[in-house]
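Asker: This is the structure, below, for whatever I ask next.
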Amino acid sequence: MDEILARAGIFQGVEPSAVSALTKQLQPVDFPRGHTVFAEGEPGDRLYIIISGKVKIGRRSPDGRENLLTIMGPSDMFGELSIFDPGPRTSSATTITEVRAVSMDRDALRAWIADRPEIAEQLLRVLARRLRRT
Numbered sequence: 001m002d003e004i005l006a007r008a009g010i011f012q013g014v015e016p017s018a019v020s021a022l023t024k025q026l027q028p029v030d031f032p033r034g035h036t037v038f039a040e041g042e043p044g045d046r047l048y049i050i051i052s053g054k055v056k057i058g059r060r061s062p063d064g065r066e067n068l069l070t071i072m073g074p075s076d077m078f079g080e081l082s083i084f085d086p087g088p089r090t091s092s093a094t095t096i097t098e099v100r101a102v103s104m105d106r107d108a109l110r111a112w113i114a115d116r117p118e119i120a121e122q123l124l125r126v127l128a129r130r131l132r133r134t
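Counting with this note's numbering, you get residues 1 to 134 for the letters of the sequence shown.
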């Protein structure tokens, strides 16, 4: 599991010993296939990193159709926008296989960033890459 988490964007460039210490604070979660992890419009304050399985991220169009934004797999992170902007979720996350993930809330991430400022820089990189692709 540490190997998969070490590949997550949030941890790239962070010392392996720090990654190991930080990952011990993450909360493991398991979701069945077809489970809505969160829905567009609902409040949220957690981010998730996938250990195994796949999650689709989608958004509803004005006419009610779902637009697929991306499919994520092991070491991918999702839900992080709600950590920085406590507004409603901008998309929905639904499992397309059984999923094992780890999660953290806003307070835990803030504590991490206070201890390891380079994590904030990594998060900005992840978000910038995502914006560039859309």
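Cβ atoms here follow ideal geometry from the backbone N, Cα and C, with glycine treated the same way.
1. Go ahead and pull the three-state DSSP assignment for E66.
2. Using DSSP with H/G/I as helix, E/B as strand and the rest coil, what is D2?
3. Report the rounded CA-to-CA distance for A114 versus F78, giving the unit in angstroms.
4. Excluding the five sequence neighbours on either side, which residues of its own chain have a C-beta within less than 8 Å of the C-beta of R116, listed in chain order?
5. Around the C-beta of E80, are 16 or more other C-beta atoms found within 10 angstroms, so that it is buried, or is it exposed?
6. So what's S20 in DSSP terms, helix, strand or just coil?
7. Quick one: what does DSSP say G79 is sitting in, helix, strand or coil?
8. CB-CB under 6 Å to F11, same chain, minus the five flanking residues each way: which ones, in chain order?
9. What separation, rounded to the nearest whole angstrom, lies between the Cα atoms of L69 and S52?
10. Bridge partners of G143, per DSSP?
11. Is the distance from the Cβ of S75 to the Cβ of I4 below 9 Å?
12. If you reduce the DSSP assignment to three classes, tell me which class Q25 lands in.
Answerer: Inspection of the coordinates gives the following:
1. The answer is strand: DSSP assigns E66 an E or B state.
2. Three-state result, D2: helix.
3. Going from the Cα of A114 to the Cα of F78 covers about 21 Å.
4. Within the same chain, R116 has close Cβ partners V14, A18, L22.
5. So E80 ends up on the buried side.
6. Note: S20 maps to helix in three-state DSSP.
7. In this structure, DSSP gives G79 a state outside helix and strand, which the three-state scheme calls coil.
8. Same-chain partners within the cutoff: V19.
9. The straight-line gap from Cα to Cα measures roughly 20 Å.
10. Past the edges of the chain, shown from 1 to 134, lies residue 143, and the structure says nothing about it.
11. The Cβ atoms of S75 and I4 lie closer than 9 Å to each other.
12. Coil.
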